[in-house]
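Reading through the structure tokens given below for one structure.
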Amino acid sequence: MKQYSTKELTLLALFVAIVFVSTYLVQIPMPFSQGGLVHVGDVALMSIALLFGARVGALAGGLGMGLFDLLSPYAIWAPFTLVIRLAMGYVIGKISHSGGSRGRNFKRNVLALLAALPILLGGYYVAEAIIYGNWIAPVQSLSGNFGQYSAGFIGSLALSKVMGGISGMSKLQDEFDK
């Protein structure tokens, strides 16, 4: 198990807070969904995973969005969100950092984001089926979840490209690559 330095823990806590706040600030309930929201948290989660890899993406996404659910009227979703978003962050970060690319290979980033889509769609489908006790009704949420993911997909590709070009980003990434 990796031991994190004080600096790494501080940055990780900051990333969790960024995901939480970006999920909290913009909350637009989806009209045809049982509790689904459109929010900017997906952009934050995906961008962090693209830039900082599997461990950081998993922890920031799972804890940030799980905490949001826990502190919102959607608390029943928190355990599902924790697992789903943790898995998404891990997959995005693992693929985007494979081959030493550190999230700077556009094609690999697109592949990473596409690979995480079934985790979101399948995860929330199963979660909704368990919560509501119906395996057919969650079908209606798939299009909303896909739309939300698509917005996060596009936003995270743009944000991670901009953030990746900032002076000092490589040094910050080095903190987690040790």
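My numbering applies: residue 59 is where the sequence shown begins, and numbers increase by one. Glycine included, each C-beta is placed from N, C-alpha and C at the ideal position.
Sequence-distant Cβ neighbours of E233 in its own chain, meaning closer than 7 Å and more than five residues away, are K65, E66, L69. Segment contact: the region 107 to 116 against the region 159 to 173, three or more CB-CB distances shorter than 8 Å; contact assigned. DSSP, reduced to helix, strand and coil, places L129 outside both helices and strands of the structure shown, so it counts as coil.
The alpha carbon of G161 has as its nearest neighbour, out of Q85, G226, S218, the alpha carbon of S218. If one requires a minimum length of 4 residues, the alpha helix (DSSP H) runs lying completely within the region 78 to 151 are 99 to 110, 112 to 128, in chain order. Here A195 is exposed: its Cβ has fewer than 16 other Cβ atoms, across all protein chains shown, within 10 Å. The way I'd put it, the region 110 to 128 doesn't touch the region 178 to 197; fewer than three beta-carbon pairs between them come closer than 8 Å. G202 and V74 have their C-alpha atoms roughly 25 Å apart. Closest in alpha carbon position to F204, among L175, T139, L83, is L175.
In the three-state reduction of the DSSP assignment, R166 falls in the helix class, which pools H, G and I. Just so you know, the alpha carbons of Q61 and Q198 end up roughly 43 Å apart. Taken through DSSP and simplified to helix, strand or coil, A195 comes out as coil. The DSSP-derived three-state label of S159 is coil.
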